[in-house]
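Numbering (this note's numbering), first residue to last: 5 to 232.
Cβ coordinates follow ideal geometry from the N, Cα and C atoms, glycine included.
Just so you know, these numbers come straight off a predicted model, no measurement behind them.
Below you'll find the structure, written out as structure tokens, and then a few comments.
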Ligand SMILES: [Fe+2]
């Protein structure tokens, strides 16, 4: 083979392998966002925080930086179902963030996931993380039970956002709240919109952990969600 042809061949081989490496990076924040073209569930503030410092590899189980705090240690777990409420949903990203046990969203620079406040002073703090479902649809989050806000007006809660592996943009779902929370009044319960299903956790103690089960149904009570 003549030298010019050999050089062209080498370039083609290199280009092929570099594009393959590029495809391996798909599980990053940019790839989740690029796919989002269908807005559902109404606008919400700071949706881009979902992807702040998102890791490249996300598994179905996560332990939050709050798990080591003293308090009620939680395992929040369940199955994410397709909109038919029967078929487990694969590859669904679930982002969560919460206060510490004193009801505060703190920024801790030494924590990799921690988010510094933006120019409006808003942050999701450091107790935040992501899970991504496997073929069984299951997710598991080990964390600490959050405290209610210092003004004690709202029930303690864990916020959550879903991003499906399709062109539907991320949408927020009902907070995880606690059935035994005195602040979760009848009035609060009536106001819950049950986005992706009820977020009320009935905790049961198992092996030193307080376990709360919550199954999610994609698109349930989400306005504008495409019907199949
Ligand atoms: Fe909150």
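Please confirm whether any heavy atom of ligand 1 lies closer than 8 Å to the CB of residue i.
i: residue 54; result: no
i: residue 130; result: no
i: residue 158; result: yes
i: residue 65; result: no
i: residue 143; result: no
i: residue 153; result: yes
i: residue 99; result: no
i: residue 163; result: yes
i: residue 127; result: no
i: residue 41; result: no
i: residue 103; result: yes
i: residue 109; result: yes
Do you know offhand how far residue i's Cα is from residue j's?
i: residue 216; j: residue 184; result: 12 Å
i: residue 57; j: residue 115; result: 11 Å
i: residue 128; j: residue 88; result: 32 Å
i: residue 30; j: residue 80; result: Low confidence applies to residue 30: its pLDDT is 41, below 50, so where it sits in the model is not reliable, and the reading given next is rough at best. Looking at the two C-alpha atoms, the distance is approximately 27 Å.
i: residue 36; j: residue 106; result: 33 Å
i: residue 168; j: residue 174; result: 7 Å
i: residue 141; j: residue 220; result: 9 Å
i: residue 153; j: residue 228; result: 32 Å
i: residue 17; j: residue 65; result: With a pLDDT of only 43 at residue 17, under the threshold of 50, the placement of this residue in the model should not be trusted; the figure read from the coordinates follows. Their Cα atoms are separated by approximately 38 Å.
i: residue 166; j: residue 204; result: 17 Å
i: residue 117; j: residue 160; result: 21 Å
i: residue 213; j: residue 74; result: 12 Å
i: residue 164; j: residue 54; result: 9 Å
i: residue 119; j: residue 224; result: 30 Å
i: residue 113; j: residue 60; result: 20 Å
i: residue 76; j: residue 211; result: 13 Å
i: residue 170; j: residue 47; result: 18 Å
i: residue 111; j: residue 191; result: 32 Å
i: residue 206; j: residue 179; result: 14 Å
i: residue 124; j: residue 139; result: 40 Å
Do residue i and residue j have their C-beta atoms within less than 9 Å of each other?
i: residue 199; j: residue 226; result: yes
i: residue 91; j: residue 133; result: no
i: residue 135; j: residue 97; result: yes
i: residue 172; j: residue 84; result: no
i: residue 137; j: residue 95; result: yes
i: residue 131; j: residue 150; result: yes
i: residue 201; j: residue 143; result: no
i: residue 100; j: residue 62; result: no
i: residue 187; j: residue 157; result: yes
Helix or strand or just coil, what does DSSP make of residue i?
i: residue 182; result: strand
i: residue 190; result: helix
i: residue 25; result: Here residue 25 scores only 33 on pLDDT, less than 50, and its place in the model should not be relied on; the value that follows carries that caveat. Residue state, collapsed to three classes: helix.
i: residue 31; result: With a pLDDT of 47 at residue 31, under the threshold of 50, the modelled position of this residue cannot be trusted, and the question is left open.
i: residue 54; result: helix
i: residue 124; result: coil
i: residue 95; result: coil
i: residue 203; result: coil
i: residue 137; result: coil
i: residue 72; result: helix
i: residue 148; result: strand
i: residue 195; result: helix
Taking 8 Å as the cut-off, is the CB of residue i close to at least one heavy atom of ligand 2?
i: residue 179; result: As presented, the structure is devoid of ligand 2, carrying ligand 1 as its sole ligands.
Please check if any C-beta of chain D sits within less than 9 Å of the C-beta of residue i.
i: residue 43; result: No chain D appears in this structure, which consists of one protein chain only.
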